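Numbering (our numbering), first residue to last: 3 to 144. No residue lacks a Cβ here, since even glycine has one placed at the ideal position from N, Cα and C. Values in this document were obtained by computation on a predicted structure and should not be read as measured data.
Listed below in structure tokens is the structure:
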């Protein structure tokens, strides 16, 4: 595969990656996004999360976090040359399936009302930062 068909992307608008990885990588006509959470770029703020003095989650609002994640995914897709409409598969990571699935699922259905990519939802014990939701997305790219 030619080098111009493989390229990594770092968005200047989405939150900085929390590790040594790009926001996305293009391979051929596919764009593979790294896990995207609800954090804000250039800040330690996490929308919808209240932390105690030790940095532990005291309370969170899954609806606020879900909307922030969707926006961050949109930013990465756009900066890489793709779009929300080109998403073909989503993996959702929730830290509390029992508590959050219904609310998240409702917001997800609204966000993808025009079309529905395939989706897998997984409960995990924790995510790298104090967040309750993260998305892993695959999209086509022109």
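- Distance from the Cα of residue 95 is smallest, within the candidate group 130, 119, 48, 8, for 130.
- DSSP places residue 109 in the uninterrupted alpha helix (DSSP H) bounded by 99 to 113.
- Around the beta carbon of residue 67, 16 or more other beta carbons lie within 10 angstroms, which makes this residue buried.
- Per DSSP, the unbroken beta strand (DSSP E) holding residue 51 starts and ends at 51 to 53.
- Between the beta-carbon of residue 39 and that of residue 133 there is about 5 Å, and that keeps the pair under the 8 Å contact cut.
- Contact fails between the region 19 to 32 and the region 49 to 57, because fewer than three Cβ pairs, one in each stretch, are under 8 Å apart.
- With at least 16 other beta carbons inside 10 angstroms of its own, residue 141 counts as buried.
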